[in-house]
Amino acid sequence: MSLKLPESSIFRAYDIRGIVDKTLTEDGVQLIGQAVASQSLEAGVDQVVIGRDGRLSGPRLSMALAAGIRAAGAEVIDLGAVPTPVLYYAAHVLGNGSGVMLTGSHNPPDYNGLKIMVAGVTLAGEEIMALHKRIHAGELLNAEHQAKHSSTQVLTDYLHALTAQNRLERPIKIVADYGNGIAGCIGPQIFEALGVDAVNLYAEVDGHFPNHHPDPSNPANLEALKTALIEHQAELGLAFDGDGDRLGVVVPGESAADCEIIWADRLMMLFAEDVLASQPGETIIFDVKCSGRLAHRIRQHGGTPVMWRTGHSLVKRKMRELDAPLAGEMSGHFFFGKPWYGFDDALYAAARLLTIISRQQNTTQLLQSLPTGISTPELHINTEEGENHSFIQQFKQQADFGAAEINTIDGVRADFDDGWGLIRASNTTPVLVLRFEADNQQALTRIQNDFGRQIQALSPHFRLPF
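First residue of the sequence shown? That's 3 in my numbering, and the numbers climb one at a time after it.
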């Protein structure tokens, strides 16, 4: 019986993602597994590591994925339910560099997807589309006998490797909110091993996400963390996304309402300073959604700033190309190179942050001292499927921001003397992503109005989020 081919819409710019049993089916996942294994075998790698997050569809999609990999003749090494960085870690330390993570990341519960490494390279763009073409052309290896399917546990090894690189110089009390995502399966043990006094929120892995959605880039999902920070008199709040590769950070205030979110571009300033102290003159990469103050801070500390496209696999590719020791995205992905492995890892980033702040006595003062202007979080405009990409193409052609410096590597970013604005198409959901920053409220309003006017000139039906 032939398998039904996967839908084209699920093949995205830096991973594969869709709605389970609608656009993302067991048949489709099996064929994707067979295609990944075919490519891996052609690259000389005959083992593929697989893992899954805590989503309810994970177990059955994992079985389909394994069946496809084995059908091509590659051995499956199954990690079971683990955070995405643990899958990346296993693919590196087991020596084969090929792995597939089944995860819907921060998308709604009915989504799932695949993040793919082949022979040490995370697939992106044309390489993901090449899998699609391979499947539809029937260019799949078929072994006479299905290869081996074995299970292994690497969580303890990962914990030991992570904690060996991070040592706290004083006790720290934190609140960690896992949002019922998969990071809850190992995060509490990591903090215990580091000697951190951690209050754990929603550490039970539950694919229904009953408490709040596991997306720390949305301020609404950090309300419970803020309340717990005040209640437990902790000095730092950490929030993890659904698959454990994105980190959110909050410092306490007088009340929950006064707690401050320290966005990822400001954390990158702290991480860059720390990395450049031991690796002077190196390149630091950040995505188009990050503050213009970040580049200035990197230069101040002797580094070379490079702005790049949003997307975990795209950033990792650029990181390898430039041999950069650090990269980060506004969404909360942080990538640490040697002595780590260059993949996005919220748990490692959290441990590294705790190591840095343990050298200071006042965490809030340290984090609040990082330069910032008046800025917005990520703002979204909902569109029809695919409409966001076609809109951006039109916007690139027609946008006019006068004397502003325009960057179009990923959407349109306009940098003015007193601030900047960005609009880009998300590659994971059908939305337009916007962000703004300025020296004062007057400049922020002006820049937003300039973008809003030009957005609505093209698409009057769009509801502006500002």
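We treat Cβ as the ideally placed atom computed from N, Cα and C, and that holds for glycine.
- Following the DSSP letters along the chain, one finds valine 31 inside the alpha helix (DSSP H) bounded by residues 28 to 44.
- In the displayed model, aspartate 417 falls within a strand according to three-state DSSP.
- Secondary structure note for tyrosine 350: its alpha helix (DSSP H) is the uninterrupted segment 348 to 359.
- The C-beta distance from arginine 14 to isoleucine 130 rounds to 7 angstroms, short enough to meet the 8 angstroms contact threshold.
- By the C-beta density criterion, arginine 169 is exposed, having fewer than 16 other C-beta atoms within 10 angstroms.
- When DSSP assignments are scanned along the stretch 391 to 416, no uninterrupted stretch of alpha helix (DSSP H) that is 4 or more residues long falls wholly within it.
- Cβ contact annotation for arginine 299 (same chain, cutoff 7 angstroms, sequence separation greater than five): Met271, Ala274, Pro373, in chain order.
- Apart from the 5 residues on each side of it in sequence, isoleucine 411 sits with its Cβ closer than 6 angstroms to the Cβ of Arg311 in its chain, given in chain order.
- Every beta strand (DSSP E) of 3 residues or more that sits fully in the stretch 91 to 131 is shown, in chain order, as 101 to 104, 113 to 120.
- The secondary-structure analysis by DSSP pairs glutamine 49 across a beta bridge with Glu77.
- At a Cβ-Cβ threshold of 7 angstroms, proline 190 and asparagine 202 count as neighbours.
- Here arginine 426 is bridged, per DSSP, to Val435.
- Listed in chain order, the non-local C-beta contacts of arginine 465 below 8 angstroms within the same chain comprise Ile383, Asn384, local neighbours out to five positions each way being set aside.
- Taking 8 angstroms as the upper bound for CB-CB distance, lysine 175 and glutamate 237 are in contact here, some 6 angstroms apart.
- Partner residues in the beta bridge of proline 307, as assigned by DSSP, are Ile286.
- Bridge partners of phenylalanine 13 according to DSSP: Ile18.
- Counting along the chain, no beta strand (DSSP E) covers alanine 279; the unbroken alpha helix (DSSP H) around it starts and ends at 266 to 280.
- Leucine 33 has its alpha-carbon roughly 11 angstroms from the corresponding atom of glutamate 9.
- From the listed residues Gly70, Ser333, Glu407, the smallest Cα separation to alanine 145 is found for Gly70.
- Fewer than three pairs of CB atoms, one per stretch, sit closer than 8 angstroms, so the stretch 249 to 259 makes no contact with the stretch 301 to 321.
- Taking the CA atoms as reference points, glutamine 148 sits about 18 angstroms from arginine 62.
- Of the candidates Gln49, Phe242, Gly421, Gln49 places its Cα closest to the Cα of serine 100.
- Here proline 85 is buried, its C-beta having at least 16 other C-beta atoms within 10 Å.
- Beta-bridge pairing by DSSP links alanine 222 to no other residue.
- Taking 7 angstroms as the cut-off, the beta carbon of phenylalanine 453 is found no closer than this to the beta carbon of leucine 446.
- Contact between the stretch 276 to 291 and the stretch 330 to 341 is established, with three or more Cβ pairs separated by less than 8 angstroms.
- In the three-state DSSP reduction, alanine 205 falls in the coil class, being neither helix nor strand.
- Residues Pro327 of the same chain have their beta carbon placed closer than 6 angstroms to that of glutamine 281, with the five preceding and five following residues left out of the count.
- With a 10 Å radius around the Cβ and a threshold of 16 neighbouring Cβ atoms, glutamine 302 comes out exposed.
- Phenylalanine 338 sits in a strand when the DSSP states are folded into three classes.
- As DSSP reads the structure, leucine 238 sits in a beta bridge with Ile176.
- Selection Pro111, Trp265, Ala222, Lys291 evaluated against proline 212 yields Pro111 as nearest (Cα-Cα).
- Arginine 248 sits close to serine 333, with the two beta carbons spaced by under 7 angstroms.
- Note that the C-beta distance between leucine 58 and glycine 209 is below 7 angstroms.
- Of Ile359, Pro221, Ser377, the smallest CA-CA separation from alanine 440 is found for Ser377.
- Counting only runs of 3+ residues, the beta strand (DSSP E) found wholly inside the stretch 125 to 172 occupies 151 to 153, in chain order.
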